[in-house]
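**Q** Quick one: structure below, then a few questions.
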Amino acid sequence: MSQLVWNGLFVGSFYALVALGYSMVYGVIKLLNFAHGDLYMLGAFSGFAMLGALGGLVRSQSLLALLLVLVATMLVTGLAGMALERVAYRPLRGAPRLSLLITAVGASFALEYGTRAAAGADPRVYQVRLGGTTLHVLGARVTVQQLVLVAIAVALMVALHRLVTSSRQGRAMRAIALDPVAARLMGIDVDAVIARTFFLGSALAGAAGVMAGGYYGKIDFLMGFIIGLKAFTAAVIGGIGNIPGTMLGGLLLGLLESFGTDLLGGEWRDVFAFGCLILFLTVRPTGLLGERVTERV
Amino acid sequence: MLRVEDLRLSFGGVRALDGLGFEAAPGEIVSLIGPNGAGKTSAFNCVTGFYRPTGGRVLVDGTDVTGRRPSAIAALGVSRTFQNPRLFKELSVLDNVRSGTHLWLRQNVFDALLHTPRFKRGEREATDEAHRWLDFVGLRGDRAGLVRGLPYGEQRRVEIARALARRPRLLLLDEPAAGLNHGEKAELLDLLGRIRDLGAAVALIEHDMGLVMEVSQRVVVLNFGRGIADGPPGAVRRDPAVIEAYLGRDADEAELAAAREEVRGAGTD
Amino acid sequence: MRLTKDTGPPVKPVRGRGDSALTRLLESRWLGWLGLALALAAPLVIATPYALNVMTSAAIFVMLAVGLNIVVGYCGLLDLGYAAFFAVGAYTSGVLATRLDVPLLATLPAVLAVTVVAGVVIGAPTLRLRSDYLAIVTLGFGEIIRIVATNLTVTGGPSGIYGIPGLFGDATSGAAVFYYVTVLIVAVAVLLAARLGRSRIGRAWRFIREDEDAAEAMGVHTYRTKLAAYVAGAVWGGMAGVLFGAHLSAISPASFTFLQSALVVMAVVLGGMGSTPGVVIGAVVISVVPELLRDLADYRFFAFGVLLIVVMILRPQGLWPHRSRETPHTAARSKGTDHAPG
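Chains as they are written, first to last, in this note's numbering: chain U, 1 to 297; chain W, 1001 to 1269; chain D, 2001 to 2342.
Below is the structure:
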């Protein structure tokens, strides 16, 4: 029982990290960035490349190396996210929603198969493998590495939340979410804020990618697809566009999956998760913490 | 034909409608006037099903339609235009007006797949009907081209033609004169008269007092979501409550005189 | 350009965008026959087993694209899990044909019923959602169907179903015969989809795509009408699935991944959403080009992705856009009806 809870929370913290980018971008420009999961994949691959470059340090100080790589990767995927926005989404601001969605699918494809062309179709194995000491907490087996990863995830999320709620940058983001035209009139540089939003969201996804690579070991160019869907599910459950809601949604989805898998068997895990998504969208489309939107003509 | 009783609508804490009631009978034009934000468009949206009122009833031809979806209300013979024209921009002018035939054109999927005689007859009828109503509203411009290629005033005509092609028994027009120039307004006045002569009940929201006073059989004045006057144009324009609503309580004599002048609508603009 | 003789006076001359012979040809009603003739003549030019295989696959892909065009092109709903219906059709007929020894043609009513049910079951909860939510939920449904097919024993698990018979049993299973039968079936499917698009319900789909509120105000029950588009798309996809199973005689979950769905979306988008000739050509290009460029296999999906972005930015209406103007034929009124009603 407590093992299931811990597993759920552990996986859920990954979902939450990735879901935040989805949710922030949606909150600010109402775009479902299909390519977001692929930024997670990109993070895993750029981490892989950097670890290869570090060589010796990896063998002696694996956790330290991983942390260094984590920070560098966040920078890389953050910039990649900004570039994506600049090239693919900005020219279409104001275009019909369908065009934007299709562009996002195209971006996802380009990232996946671009990575495949660069790194090959076969899975790669991370040089660092976080195994290690097992603790027993309340009857659950918990490894130190898991604790470290969860701590990193929580720290990133807390930092993001503080940034969004109590800085100028955060206020500007919220202003654009409410009314982009008025925000521009009030002197907010809308393009810059949107670019930074992409940077933050993509950096978090990249971090999750490196952590997943370090923990699970294997990475491949399609690894972002399913987690992108899961992150969207998490964002919807919590309330898309709402940051605390999205974090809650990630953890909740992790828990739901953990218990659902225990009940139905591992092969039904994804079916169960998407079932939850559809259920939530039907019953409470605004999510747990999302605000009700008044219907207007 | 239309009967609105004690209609209430609130968004959060704001009361957009606060016990509004009015009626519209076949062959008459009832105008809804009032200051901006008085609840006129909200009333239309409640009648046509786009808003679900928080209280009160809407009766169309004796049927309670409160809270039904817009298409169900349209099926009872209700048709509307929007404050800002909501045309199908990437479709042809004819197709826009053909949408009015959707509810009465008898054609099922098999007719369409097999091109049965009924299908061909129906399509011809829909096209003829569209031309007929475009003639009726006096559209100038290419009917086979895209509607977004037309100037604004002509787009307004297409929207009215589309609403008429529904063959409505109740027609709601939301500020049809907005954005029209002098000549176009005069044509609209004539058009409104001919629409009334078709025998439908017409509800009209309009800011142009001259037009309202000229064309309406009855005028309903709204302020803060409720009716403050309801009667023939002549009676309403002399109603002190109406003048006050337009100017506020503290208006001085000169402003009052100007307001009276406006409400009286010296000529048609 | 000539006018139809009987048009009433108020109709202004109706002209196409260009008057060139090419434009006239491309917009003429003979275009469909021309396409069919090309498809029928192709095996006379090249008839190696490999070429026939590629051409048959292309024809089946055309059917998929035309079906998805109903949903995406006409109605404006982005469905990213269209392969789900392809799978439902293929598996329904495959399971019935191999486990119960039903002849493949006899499975068609069952396939029709199952795809309609699948369309309703998937569409009913999702079509109430905002359009962008719909896209991602259909993606989830596509995955659900694939995973279910992988996990169930009746569908053969990960290795799928083998030994699906040809359309008329095994007697006439020659590749050329099968190709011709496929082309004829697909041609009918293309024609029927185009006819749907030009009918009352087809117009209603376009009204929804343009402005859902205005469509609703004109009496279009938008939810039911969207569901109808979705179910129609499901039926087309399911029928294509039957052909797919008959063509390859084996199906497995690997044929129904997101990649497949995304390729169909690309065919529709590149060709021109809502445009029948555009979508047909888009589908042929998407399915044949990779065969011609085998050496570039690693880059082709990357190129497709980039191409999608470029098309959306530079030419969102696709390579062969839907013709939105009316022809003199469709715009003409019948005789003696040019007086106003009163």
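Here a beta-carbon is modelled for each residue, glycine too, at the ideal position from N, C-alpha and C.
From a predicted model like this one, the values you see are computed outputs, not experimental measurements.
Taking 8 Å as the cut-off, decide whether the C-beta atoms of G106 (chain U) and I2060 (chain D) are in contact.
**A** It is not a contact, given that the beta carbons lie outside the stated cut-off.
**Q** With three or more beta-carbon pairs closer than 8 Å as the criterion, would you say the region 76-93 of chain U touches the region 253-273 of chain U?
**A** No, because fewer than three Cβ pairs between the region 76-93 of chain U and the region 253-273 of chain U fall closer than 8 Å, the two stretches do not touch.
**Q** Drop a sphere of 10 angstroms on the beta-carbon of L279 (chain U), count the other beta-carbons inside from all chains shown, and report buried for 16 or more, exposed for fewer.
**A** Classification for L279 (chain U): exposed.
**Q** To the nearest angstrom, report how far apart V2190 (chain D) and W2320 (chain D) are at their CA atoms.
**A** Going by the C-alpha atoms only, they are around 16 Å apart.
**Q** Using a Cβ-Cβ cutoff of less than 8 Å, which residues in the same chain neighbour A195 (chain U) once the five nearest sequence positions on both sides are dropped?
**A** If we look at A195 (chain U) and ignore the five residues flanking it on each side, its Cβ neighbours are M82, E85 and R86.
**Q** Flag L1009 (chain W) as yes if its beta-carbon sits less than 8 Å from any beta-carbon of chain D, otherwise no.
**A** Chain D contact via Cβ: absent.
**Q** Nearest to L1113 (chain W) by CA position, among D:L2196, D:T2048 and D:A2087, is which residue?
**A** Minimum Cα distance to L1113 (chain W) is reached at D:L2196.
**Q** So with CB distances below 7 Å, who are the chain D contacts of E267 (chain U)?
**A** What E267 (chain U) touches in chain D: N2151.
**Q** What residues in the region 2027-2041 of chain D have a beta carbon less than 7 Å from any beta carbon of chain W?
**A** Result list empty, no residue passes.
**Q** With C-beta atoms as the reference, is T1048 (chain W) less than 8 Å away from A2187 (chain D)?
**A** No, the pair does not count as a contact, with Cβ atoms beyond the cut-off.
**Q** Does any residue of chain W bring its CB to less than 8 Å from the CB of V2220 (chain D)?
**A** True, the Cβ-Cβ gap to chain W drops below 8 Å.
**Q** Starting from the Cα of V1093 (chain W), find the closest Cα among W:A1200, W:V1147 and W:G1193 and give me that residue.
**A** Of the candidates W:A1200, W:V1147 and W:G1193, the one whose C-alpha sits nearest the C-alpha of V1093 (chain W) is W:V1147.
**Q** On the CB-based measure, 16 or more other CB atoms within 10 Å of its CB, does F2351 (chain D) come out buried or exposed?
**A** Examination of residue 2351 (chain D) is not possible in this model, given that chain D is present from 2001 through 2342 alone.
**Q** Under 8 Å between the Cβ atoms of L1007 (chain W) and L1020 (chain W)?
**A** The answer is yes: Cβ separation under 8 Å.
**Q** Going by CA-CA distance only, name the one from W:D1135, W:R1052 and W:L1150 that's closest to L1191 (chain W).
**A** That would be W:D1135, whose Cα lies nearest to the Cα of L1191 (chain W).
**Q** If you draw a straight line from the C-alpha of S13 (chain U) to the C-alpha of A159 (chain U), how long is it?
**A** Roughly 15 Å between the two C-alpha positions.
**Q** Helix, strand or coil: which one does DSSP assign to H161 (chain U)?
**A** Of the three classes helix, strand and coil, the one that applies to H161 (chain U) here is helix, per DSSP.
**Q** Three-state secondary structure (DSSP) at N7 (chain U)?
**A** Note: N7 (chain U) maps to helix in three-state DSSP.
**Q** Between the region 2174-2198 of chain D and chain W, which residues of the former have a C-beta closer than 8 Å to a C-beta of the latter?
**A** Listed by position along the chain: L2192, R2195, L2196 and R2198.
**Q** When DSSP labels each residue in this structure, what does H2322 (chain D) get in the three-state scheme?
**A** Of the three classes helix, strand and coil, the one that applies to H2322 (chain D) here is coil, per DSSP.
**Q** Could you have a look at F344 (chain U) and say whether DSSP puts it in helix, strand or coil?
**A** Nothing about residue 344 (chain U) can be read from this structure; chain U reaches only from 1 to 297.
**Q** Determine which residues of the region 2304-2330 of chain D have a Cβ less than 7 Å from any Cβ of chain U, and write them out in chain order.
**A** For the region 2304-2330 of chain D, which is checked against every Cβ of chain U, the residues closer than 7 Å are F2304, G2305, V2306, L2308, I2309, M2312, I2313 and P2316.
**Q** Which runs of the alpha helix (DSSP H) spanning at least 4 residues fall entirely within the region 2054-2108 of chain D, listed in chain order?
**A** Complete alpha helix (DSSP H) runs here, min 4: 2083-2099.
**Q** Could you give the DSSP three-state label for N1036 (chain W): helix, strand or coil?
**A** Of the three classes helix, strand and coil, the one that applies to N1036 (chain W) here is coil, per DSSP.
**Q** Against chain D, does G23 (chain U) count as a neighbour if the rule is that its beta carbon must be under 8 Å from one of theirs?
**A** Note that residue 23 (chain U) is Ser in the sequence shown here, rather than Gly. It does not; no Cβ of chain D falls within 8 Å.
**Q** For A1144 (chain W), I'd like the list of residues in its chain whose CB is within less than 8 Å of its CB, leaving aside the five on either flank, ordered along the chain.
**A** Around A1144 (chain W): S1092, V1093 and L1094.
**Q** Quick one: using the 10 Å Cβ neighbour count with 16 as the cut-off for buried, is N1084 (chain W) buried or exposed?
**A** With fewer than 16 other Cβ atoms within 10 Å, it is exposed.
**Q** Can you check whether the C-beta of A1144 (chain W) is within less than 8 Å of a C-beta belonging to chain D?
**A** By this cut-off, A1144 (chain W) is an interface position.
**Q** DSSP state of K2005 (chain D), grouped into three classes?
**A** A caution first: K2005 (chain D) carries a pLDDT of 35, below 50, which makes its placement in the model unreliable, though a value can still be read off. If DSSP states are grouped into helix, strand and coil, K2005 (chain D) belongs with coil.
**Q** Does R2130 (chain D) come within less than 8 Å of chain W when only Cβ atoms are used?
**A** No, because no Cβ of chain W sits closer than 8 Å to the Cβ of R2130 (chain D).
**Q** By Cβ distance below 8 Å, which residues in the same chain neighbour V1220 (chain W) in space, the five residues on each side in sequence not counted?
**A** Excluding positions up to five away in sequence, the list reads F1022, V1030, S1031, L1032, I1033, G1227, A1229 and D1230.
**Q** Taking only runs of the alpha helix (DSSP H) that begin and end inside the region 249-294 of chain U, which ones reach a length of at least 4 residues, in chain order?
**A** For the region 249-294 of chain U, whole alpha helix (DSSP H) runs of length 4 or above, ordered along the chain, are 269-283.
**Q** Tell me the DSSP bridge mates of N1223 (chain W)?
**A** DSSP, once it has assigned bridges, lists W:R1226 as partnering N1223 (chain W).
**Q** Are the Cβ atoms of G249 (chain U) and A235 (chain U) separated by less than 8 Å?
**A** Yes, they are a contact pair.
**Q** What does D220 (chain U) touch in chain D if you count any residue whose Cβ is under 9 Å from its own?
**A** Under the 9 Å cutoff, chain D gives no residues; its nearest Cβ is about 14 Å from D220 (chain U).
**Q** Would you list the residues sitting across from H1115 (chain W) in a DSSP beta bridge?
**A** None; H1115 (chain W) has no bridge partner.
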